[in-house]
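Notes follow once the structure below has been shown.
Residue numbers (my numbering): 429 to 696.
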């Protein structure tokens, strides 16, 4: 009888320990899932922040207008004789950008600053005219393909940045700036070296770099607004430069691919 009681007592102790272990495991799992769920859905809180949401609307509205202005500039160079890309257009583009940056946003001069932005975008598009003329001679459909590819890439990386954890891509800033500096030095050196391999590296690494800047700049704009910076005109410049950088590199890459295909066809 004593042995039976001892056995029942041991079994009860074992069951209690097993139950406690299961409860602890379940509690730990619940805490983990809660933390993971919080991290997963925290970015959605971004869209509940009315100031940030309105700021992003203004930024992307400026970006849309800048893209249209750049398209008009490219059209003027390619299809009209009104203006052509040259040294003066580069000076004009840089001058308008400097004027925009040198004019602080006081809430009353936004139309003036928006004019600077659209002028900068127009001359930027005008400066792309010679490249687009060359592409049209190879295959006009390349421009459409590059445009679609640019939109897909930009939207994909923008959504990835918006839905990521807060500040996740801000750590890319130092790396991106270092790579950009190295790439600029390499491109300047290649003016004297004339290496095809270096130029290809400049294209593909530059494309990856611009994609990284979309991630970084998008989250940086959000954090700036959270810290009280309401200058959506200047913020849109960063994304516009990223967008143009992606488009320009895609155009060159696709044109090179088409030229290689035509060369193979001629040989055959």
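Virtual Cβ for every residue (Gly too), placed ideally from N, Cα, C. Quick caveat, the model's predicted, so the values are computed rather than measured.
Taking 8 Å as the upper bound for CB-CB distance, residue 545 and residue 528 are in contact here, some 6 Å apart.
Cα atoms of residue 563 and residue 477: separation of roughly 44 Å, rounded to the nearest angstrom. In the three-state DSSP reduction, residue 694 falls in the helix class (H, G or I). Residue 506 and residue 550 do not touch by the CB rule: their CB atoms are close to 14 Å apart, not below 8 Å.
Separation of the CB atoms of residue 671 and residue 578 is rounded to 7 Å, and the pair is thereby assigned contact status at 8 Å. Relative to residue 554, the option among 526, 519 and 567 whose CA is nearest is 519. Leaving aside the five residues that flank residue 513 on each side, the residues in its chain whose CB is nearer than 6 Å to its CB run, in chain order, 505, 554, 555, 557 and 558.
Within the same chain, no Cβ atom closer than 8 Å to the Cβ of residue 625 is found once the five residues on either side in sequence are excluded.
When C-alpha distances from residue 538 are compared across 596, 509 and 486, the shortest belongs to 486. Residue 609 sits in a helix when the DSSP states are folded into three classes.
Here the C-alpha atom of residue 530 lies approximately 27 Å from the C-alpha atom of residue 611.
For residue 691, there are no CB contacts under 8 Å within the same chain when 5 residues up- and downstream are skipped. For residue 562, the enclosing alpha helix (DSSP H) starts and ends at 557-566. For residue 545, the three-state secondary structure derived from DSSP is helix. Distance from the CA of residue 686 to the CA of residue 508, rounded to the nearest whole angstrom, comes to 27 Å. A residue is called buried once 16 or more other Cβ atoms fall within 10 Å of its Cβ, and residue 621, having fewer, is exposed. By the Cβ rule, the region 602-609 does not count as touching the region 647-662, because fewer than three pairs are nearer than 8 Å. In this structure, residue 604 lies away from residue 630, with their beta-carbon atoms at least 8 Å apart.
If you draw a 10 Å sphere on the C-beta of residue 640, you find 16 or more other C-beta atoms in it, and that means buried. If you compare the alpha carbons of 682, 689 and 636 with that of residue 600, the shortest gap goes to 636. For the pair residue 661 and residue 542, the CB atoms are nearer than the 8 Å cut-off. By the Cβ-count criterion, residue 576 is exposed, with fewer than 16 other Cβ atoms from all chains shown falling within 10 Å of its own Cβ. Taking C-beta separations shorter than 8 Å and ignoring five residues to either side along the sequence, the partners of residue 495 in its chain run 549, 668 and 671, following chain order. Under the DSSP assignment, residue 508 falls outside any alpha helix (DSSP H); it carries neither an H nor an E label.
Within its own chain, the residues whose Cβ lies closer than 6 Å to the Cβ of residue 483, once the five positions on either side in sequence are excluded, are 653 and 660, listed in chain order.
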